[in-house]
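Chains as they are written, first to last, in the working numbering: chain A, 1 to 398; chain B, 1001 to 1398. Positions of the beta carbon are idealized from the N, C-alpha and C atoms, including for glycine.
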């Protein structure tokens, strides 16, 4: 193509708020094969059920190939939606297929939530810190973020109550109650109940993002916020990315039909529907194999990796650095001394061929640069030990 | 779930402009198996290369299963983007992988275009009529549509010139030059050149939607608008939905890097990336098999179906009904006498178990209810004849 000469082109104003981040550029470096990366949120690819999926693919193409390759309905493949509803019931969420829309990962559910709820200047309430991908999706719609501080038991609900008093017209509360991204923290049972009491009091929609809830290594499963939802306020997002594989791009939204209808209409305009064949493949996989057995295997591997990461951090990190002890999920969160910028630490770490994500972008209003998000699901055990040792060396040198 | 009690929930203002259409409800009836449907834009499922795809799937899972099921880059699988760039060169579009983003069908490219360009009240210029799915995607961003009338040679470029004089700050021209949806018309060569001269004069972005261009039954291939683009103004949308299959949900955007970067950032927030495995499957398919041979087969089948539809319309429709003679693509367009509402005709047609799409929703500013879009790609030959006979009976009864 020719030289770029189209200086006259005017984009929409909203594009000024959607920028590629400096950190994303830095993280491109982590894709080099010699880097030990704790940066991504990637599952362990060696655990993907590849052989099983090969059988599933053949069967789907042989038995229902025409339907699998044709257009299909916007809300999603009905047998898959029924199957998801049945799985959700086991997790304490009463729903039927009519409450479920299939999305391109839970990221699409997040983006749609921004589009459906946020007018410019509207308040969105979220944990501080919160998931970067959600914050960026919401930012396109120009909200004001009100951050609720967390402790080891998750979002501090006393602070949420104050925020709701101050912003009763906030559009929604965005929360990841289980093994939160980025901190790995889990909201305790009492706070879940209180959060829902407050949501009901204020008629406040709750966007419950739950990609990791089934990956619990220890302790008791806690009920979802949706299971306390007597007023149809909770929009629950799920995904196959962490319990099966992300490459098929399938997640789901659960909501009251009147709310779900908005998501379905937006889905129609966004991309018509999710992959027909991918939906049938996941459905068949869950029919032919035991996904819970697969998840149990993931949990065993990830638990060992978490243990190794935590043990090695204890041994190798300076004592003025604290870190969370996640009971599940993919991430731990380290806090450096005040005044230390984790982005600077990352630059030094990359020289030692080890990577993580600096914490600042997880705070929608900025600040809090002294944190590191550390993923333990994607690296094999020996690399976790070696990588944390290298990171310890960098941290000691500060 | 409980009764819907969340009357306090407030959606974003933009949702007021995104509504499920009455016609969509009507068209749900066309999904009954005993209906002969000319309504959808569906390819012929009996021509999907199912056996070949089964071999492709096995190979991808065996040889590159971990990468195929893992997260991958937002812009898309590089070997596929290189392959698309090479195919596009054969169609006269000079581009490289750096100009290409993989999207979830071209619908996603359309939706992103609305998001990237349209502020509330901005002018979008389009053919009259134009593709419903694009219009709906744009409508979410509240533009003003300026419709340019068409004749048998496509958009009337004299009228476009007047519109550009009146609206020099319009955001883009949206056009489907080849075998347009809904009319089946093709823009002639002279108009393509003049349209691009005007676009260059006004620094006006052109959104060239090209899902059907390779499905030409007769006559000479006409160069794309992109091939006349000396100023980087054309954003060209392509898709595998009509030349391969829609179920994998893969299309592409071609644009100058400075423009494409906006699409990539929006894609990241929208759903992170397209299916890793679907991209590798289409790539491998094109390596292992001859997609042009497959397309030649589609063309032969669709040409016969078009011929049958046109011949039967000539024989069975009242003489006051005119219709287009598409040289390719999936659709013909019938014009009923002024004052006849095709939505009423559809209701009667459904009683005779035959369906089409009434024309009005293809006009963004409404009106023009006396048209029918007729798809001929999806029904076998005997059903085309029978369906058009039934429709002729309904039309004669008016």
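- The bridge partners DSSP lists for residue 238 of chain A are A/252.
- Residue-level contact check: residue 277 of chain A touches chain B, since one or more beta carbons of chain B fall below 8 Å from its beta carbon.
- With respect to residue 342 of chain A, residue 358 of chain A sits close: the two C-beta atoms are nearer than 8 Å.
- In the displayed model, residue 1057 of chain B falls within a helix according to three-state DSSP.
- At a C-beta separation below 7 Å, residue 1104 of chain B has these neighbours in chain A: 104 and 271.
- Under a criterion of Cβ atoms nearer than 8 Å, no residue of chain B is adjacent to residue 365 of chain A; the nearest Cβ is some 19 Å distant.
- Assignment of residue 204 of chain A by DSSP, reduced to helix, strand and coil, places it in the coil class.
- Interface with chain A (8 Å Cβ-Cβ cutoff): residue 1140 of chain B is included.
- Only exposed fits residue 169 of chain A, as fewer than 16 other CB atoms lie within 10 angstroms of its CB.
- Contact between the region 77-97 of chain A and the region 172-190 of chain A is absent, with fewer than three C-beta pairs closer than 8 Å.
- Contact fails between the region 75-84 of chain A and the region 289-304 of chain A, because fewer than three Cβ pairs, one in each stretch, are under 8 Å apart.
- Between the alpha carbons of residue 1109 of chain B and residue 1261 of chain B lies a gap of roughly 13 Å.
- Counting along the chain, residue 228 of chain A sits inside no beta strand (DSSP E), nor does DSSP assign it H or E at all.
- Sequence-distant partners of residue 115 of chain A (beyond 5 residues in either direction) whose C-beta falls short of 7 Å from its own C-beta, in its chain, are 141 and 266.
- When 8 Å is used as the limit between beta carbons, residue 87 of chain A is near no residue of chain B, the shortest such separation being about 16 Å.
- Residue environment: residue 324 of chain A is assigned as buried (16 or more neighbouring CB atoms within 10 Å of its CB, all protein chains considered).
- Using a CB distance below 8 Å, the part of the region 66-77 of chain A facing chain B consists of 66, 67, 68, 69, 70, 71 and 72, ordered along the chain.
- Close CB contacts of residue 1245 of chain B within its chain, under the 6 Å cut and outside five residues either way in sequence, are with 1048 (chain order).
- With 16 or more other Cβ atoms inside 10 Å of its own Cβ, residue 224 of chain A counts as buried.
- Scanning B/1383, B/1395 and B/1065 for the CA closest to the CA of residue 1035 of chain B turns up B/1383.
- Two segments are said to touch when three or more pairs of C-beta atoms, one from each, lie closer than 8 Å; by this definition the region 1388-1398 of chain B touches the region 1349-1366 of chain B.
- Runs of alpha helix (DSSP H) with 4 or more residues, each lying fully within the region 1282-1366 of chain B, are found at 1291-1316 and 1342-1351, listed in chain order.
- Here residue 135 of chain A carries a helix assignment [DSSP, helix/strand/coil].
- Taking a C-beta distance under 8 Å as the contact criterion, residue 1174 of chain B and residue 1207 of chain B qualify as a contact pair.
- As computed with DSSP, residue 209 of chain A is found in a beta bridge with A/237.
- Taking the Cα of residue 75 of chain A as reference, the smallest distance to any Cα among A/61, A/125 and A/275 is reached at A/275.
- Of all C-beta pairs linking the region 51-67 of chain A to the region 1053-1060 of chain B, three or more are shorter than 8 Å, placing the two stretches in contact.
- Taking C-beta atoms as the reference points, residue 278 of chain A and residue 250 of chain A count as a pair closer than 8 Å.
- Residue state for residue 1048 of chain B is assigned as coil, using DSSP reduced to three classes.
- Listed along the chain, the chain B residues whose CB falls inside 7 Å of the CB of residue 8 of chain A are 1203.
- Between the alpha carbons of residue 247 of chain A and residue 264 of chain A lies a distance of about 22 Å.
- Counting C-beta atoms within 10 angstroms of its own C-beta, residue 288 of chain A has fewer than 16 neighbours from the protein chains shown and is therefore classed as exposed.
- Distance from the Cα of residue 135 of chain A is smallest, within the candidate group A/329, A/18, A/38 and A/158, for A/18.
- At least one CB atom of chain A sits nearer than 8 Å to the CB of residue 1015 of chain B.
- At a cut-off of 8 Å between C-beta atoms, residue 1107 of chain B counts as an interface residue with respect to chain A.
- Listed in chain order, the non-local C-beta contacts of residue 1193 of chain B below 8 Å within the same chain comprise 1228, local neighbours out to five positions each way being set aside.
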